[in-house]
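Asks: With positions in the sequence shown counted from 1, the corresponding number in this note's numbering is that position plus 7.
All C-beta atoms, glycine included, are put in the ideal place defined by N, C-alpha and C.
Here it is: the structure, laid out below.
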Amino acid sequence: MTHGHHGDAHHAHDDADSEAGGADLLDLDGEVLRDYWDTALDRVAAAVASAPSVAPVRVVDLGAGTGTGSLGLARRLPEAEVYAVDISAPSLARVDAKARVAGVDDRVRTVEHDLDAGWPDLAPVDLTWASMALHHLDDPVRSLGDLRRMTREGGLVAVAEFDEPMRFLPDDLGTGTPGFESRALAVLSAAHGEELPHLGASWAQLLGEAGWTVVAEHEIDIDLPSPDHPLAGRYARTWFDRLAHGLTDRLEAEDLRILEDLLDDDGPHALLHRTDLHLHGVRTVTIARR
Ligand SMILES: C[S@@+](CC[C@H](N)C(=O)[O-])C[C@H]1O[C@@H](n2cnc3c(N)ncnc32)[C@H](O)[C@@H]1O
Numbered sequence: 008m009t010h011g012h013h014g015d016a017h018h019a020h021d022d023a024d025s026e027a028g029g030a031d032l033l034d035l036d037g038e039v040l041r042d043y044w045d046t047a048l049d050r051v052a053a054a055v056a057s058a059p060s061v062a063p064v065r066v067v068d069l070g071a072g073t074g075t076g077s078l079g080l081a082r083r084l085p086e087a088e089v090y091a092v093d094i095s096a097p098s099l100a101r102v103d104a105k106a107r108v109a110g111v112d113d114r115v116r117t118v119e120h121d122l123d124a125g126w127p128d129l130a131p132v133d134l135t136w137a138s139m140a141l142h143h144l145d146d147p148v149r150s151l152g153d154l155r156r157m158t159r160e161g162g163l164v165a166v167a168e169f170d171e172p173m174r175f176l177p178d179d180l181g182t183g184t185p186g187f188e189s190r191a192l193a194v195l196s197a198a199h200g201e202e203l204p205h206l207g208a209s210w211a212q213l214l215g216e217a218g219w220t221v222v223a224e225h226e227i228d229i230d231l232p233s234p235d236h237p238l239a240g241r242y243a244r245t246w247f248d249r250l251a252h253g254l255t256d257r258l259e260a261e262d263l264r265i266l267e268d269l270l271d272d273d274g275p276h277a278l279l280h281r282t283d284l285h286l287h288g289v290r291t292v293t294i295a296r297r
């Protein structure tokens with residue numbers, strides 16, 4: 008997520024837009040990839056059920072974003088109090104709103120906090136869900152080690168991270184040289200290599216380094232032809248719009264033109280109206296015990 012590096016109004020506006028785009032993307036991820044989320048959170052709830060020493064009283068959602076995990080866990084663990092921790096106030100406002108609508112605002116609480124500055128006082132923790140957030144932190148092993156010390160003996164942490172980035176597009180888009188998405192992902196991966204060195208790490212290994220005992224790894228395939236979900240085109244559009252914001256200076260001129268075609272909602276190649284999208288990705292949920 009971007010923060011206000013520049014004090015001027017123009018950048019402040021850009022950042023607010025970018026933050027809203029990021030929150031929209033997270034909400035769409037939760038809605039369009041509902042089967043993935045259900046599978047992942049069911050696995051976590053099952054791990055809690057089969058660990059009789061864990062009373063899931065206090066659940067932390069680390070880098071909760073807009074709360075797909077917080078709400079899903081509150082539903083699955085009706086005794087639990089869930090603390091949604093994130094640095095982004097606009098995202099947490101969405102968590103609060105969803106908790107009210109779901110009638111669980113008495114036990115889903117939001118905590119605005121920068122985890123790179125250490126943990127807020129949430130001990131003793133029974134279960135932590137950390138989805139696609141640890142790779143944003145400066146030192147995930149330190150954060151996981153501190154979390155372990157705040158966690159009750161026998162308590163669990165579940166880390167969900169990407170094995171493969173989401174893919175949406177067929178090779179031939181009917182515009183430009185085929186293979187656009189692979190080229191764009193290569194550029195994205197190069198940018199991430201510089202900015203997010205932990206993306207693609209072995210989370211089982213990092214959990215071990217932080218003192219946790221890994222008890223399960225679940226690789227979950229995401230495979231969804233777009234006509235299966237009415238918001239798939241919107242999700243793809245939001246994804247590529249964010250790509251366009253971050254990478255325009257790194258893409259070749261032809262690929263920039265293709266990206267414009269995809270984002271032109273009234274044009275013949277618009278992501279919003281395509282019927283040839285096919286969503287693929289792989290995420291792994293690694294569960295570890297204190
Ligand atoms: C890719 S999103 C994942 C959100 C959510 N867990 C999900 O899976 O939908 C990463 C989240 O980590 C949060 N984040 C990044 N750096 C953070 C930090 N230093 N402290 C707290 N939250 C942070 C971001 O604000 C964002 O909401």
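Whole angstroms is fine: what's the gap from Pro232's alpha carbon to Arg156's?
Replies: Roughly 43 Å between the two C-alpha positions.
Asks: In the structure shown, what three-state DSSP assignment does Leu84 receive?
Replies: Three-state result, Leu84: coil.
Asks: Could you give the C-beta distance for Asp268 and Thr182, rounded to a whole number, given that I count them as a contact under 8 Å?
Replies: So it is a contact: roughly 5 Å between Cβ atoms.
Asks: Evaluate Arg297 with the Cβ neighbour count: other Cβ atoms within 10 Å of its Cβ, from every protein chain shown; 16 or more gives buried, anything less gives exposed.
Replies: Buried is the call here.
Asks: Less than 9 Å between the C-beta atoms of Val132 and Thr158, yes or no?
Replies: Yes.
Asks: Taking buried to mean at least 16 other C-beta atoms within 10 Å of its own C-beta, is Ser189 buried or exposed?
Replies: Exposed, by the Cβ-count rule.
Asks: Are Ser138 and Ala47 close, meaning C-beta to C-beta below 9 Å?
Replies: Contact flag set, yes.
Asks: Work out the CA separation of Arg83 and Asp103 for me, nearest whole Å.
Replies: Going by the C-alpha atoms only, they are around 18 Å apart.
Asks: From Ala277 to Ser196, what distance separates their C-alpha atoms?
Replies: So the alpha carbons of these two residues sit roughly 24 Å apart.
Asks: Do Ala54 and Ala81 have their beta-carbon atoms positioned less than 9 Å apart in this structure?
Replies: No, the pair does not count as a contact, with Cβ atoms beyond the cut-off.
Asks: When burial is assigned at 16 or more other CB atoms within 10 Å of the CB, is Gly274 buried or exposed?
Replies: Exposed is the call here.
Asks: Does DSSP classify Gly200 as helix, strand or coil?
Replies: Three-state result, Gly200: helix.
Asks: Looking at the structure shown, is Val64 part of a helix, part of a strand, or coil, going by DSSP?
Replies: Reduced to three states, the DSSP call for Val64 is coil.
Asks: Just to confirm before moving on: does the CB-CB distance between Trp136 and Asp68 stay below 9 Å?
Replies: Yes, the Cβ-Cβ distance between Trp136 and Asp68 is below 9 Å.
Asks: Using the Cα positions of Gly161 and Val222, report the straight-line distance between them to the nearest angstrom.
Replies: Going from the Cα of Gly161 to the Cα of Val222 covers about 11 Å.
Asks: Please name the residue, chosen from Pro185, Leu99 and Ala87, that lies closest to Asp262 on a Cα-to-Cα basis.
Replies: That would be Pro185, whose Cα lies nearest to the Cα of Asp262.
Asks: Is the CB-CB distance between Gly72 and Ala124 below 9 Å?
Replies: No. Outside cutoff.
Asks: Does Phe175 come out as helix, strand or coil in the three-state DSSP assignment?
Replies: Residue state, collapsed to three classes: coil.
Asks: How far does the beta strand (DSSP E) with Asp133 in it reach, from first residue to last?
Replies: Counting along the chain, the beta strand (DSSP E) containing Asp133 begins and ends at Val132 to Ser138.
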